[in-house]
Amino acid sequence: MKPVSAKTTKALNIGSMVNVADNSGARIARITGVKGGKGKKGRQMGCKLGDWVKVSIRAGNPEMRGQLMDAVVIRVKKPYRRLTGERIAFTDNAVVILKDEKGNPKGTQIKGPVPREIQERWKEVSKLSGIII
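Now the structure itself:
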């Protein structure tokens, strides 16, 4: 995976409830794991902006509820710093559900803004967004 060009902090823990920002049918998901993350033995993993995570669907379509899916974190409430010096924070924590290992999103549009750091790492996800900050 390509690195993110910002000083992001690990803003979400395993077990965090996040909004689903696409139109795949899910509304709320719980983070259950971080794919490709490196941590210390015995310590719980955290995830940050642009991380590939495993989520369990908690609310949405009845056929999707309870399923384990891959997702990308696209918005976090915790402020992070860009290399230009500006700080960015969003009003919610949000993910986008992925349909395959290549990073193609399951939905066809993304609700709300997507930061420029996601565009650098996940090109397919950023193509569906209307607003890039």
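First residue of the sequence shown: 1, per my numbering; consecutive thereafter. Glycine is no exception: its CB is placed at the ideal position from the N, C-alpha and C atoms. Model, not experiment: these values are computed from the prediction.
{"Check": "Cβ-Cβ distance between residue 39 and residue 122 below 8 Å", "Outcome": "no"}
{"Check": "Residues near residue 81 in its chain [Cβ-Cβ closer than 6 Å; skip 5 each side]", "Outcome": "7, 87"}
{"Check": "Buried versus exposed, by CB contacts within 10 Å (16 or more), residue 117", "Outcome": "buried"}
{"Check": "Among 67, 132, 52, 60, nearest to residue 2 - alpha-carbon criterion", "Outcome": "52"}
{"Check": "Cβ-Cβ distance between residue 114 and residue 131 below 8 Å", "Outcome": "yes"}
{"Check": "Own chain, CB closer than 8 Å to residue 133, minus 5 neighbours either side, in chain order", "Outcome": "88, 113, 114, 115, 116"}
{"Check": "Opening and closing residue of the alpha helix (DSSP H) in which residue 125 lies", "Outcome": "123-127"}
{"Check": "Cut-off 8 Å between Cβ atoms - residues of its own chain near residue 77, not counting five sequence neighbours on either side", "Outcome": "11, 89, 90, 91, 92, 93"}
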